[in-house]
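Taking it in order: structure first as structure tokens, then the write-up.
Residue numbers (full-length UniProt numbering): 1 to 140.
See below:
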């Protein structure tokens, strides 16, 4: 069995988007080892765990972390989830491929369905990411 594909999701506060992505990737495909961090970490927004639990995704152990915790770690992919984190994040010297996604921050939205919508949009992107990045594994 090949080693897990390591992915780090990064946004500014590590309170919603990157945590959603971390939990969703873990839930979607066991061939991936998912982590998340923020350039200015705060704390997990309660609505993040509520949105995950509402769709049956385990949110156990999610916590807001600083990107500095992962500076020495090697990742196959580092995925930023907002333009601000893409431009402000510290360079990750051990990143294989850096990918920039941009999702609106549900924490600052006035839309009562913002977390549900963000979760859905990130999940759709993750499913496509998994499909594309694992296609060559299946062909071997």
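We put the beta carbon where it would ideally sit given N, CA and C, even for glycine.
- Taking 3 residues as the minimum length, the beta strand (DSSP E) runs contained wholly in the segment 60-136 are 75-80 and 95-100, in order along the chain.
- Three or more Cβ pairs closer than 8 angstroms define a contact, and the segment 62-70 falls short of that threshold against the segment 125-133.
- Under the criterion of beta carbons closer than 8 angstroms, residue 22 and residue 35 qualify as touching, at roughly 6 angstroms.
- Burial state of residue 106 is buried, judged by a 10 Å Cβ sphere holding 16 or more other Cβ atoms.
- Remark: C-beta atoms of residue 116 and residue 13 do not approach each other more closely than 7 angstroms.
- DSSP places residue 53 inside the alpha helix (DSSP H), whose first and last residues are 46-54.
- Annotation: residue 98 to residue 54 spans about 30 angstroms, alpha carbon to alpha carbon.
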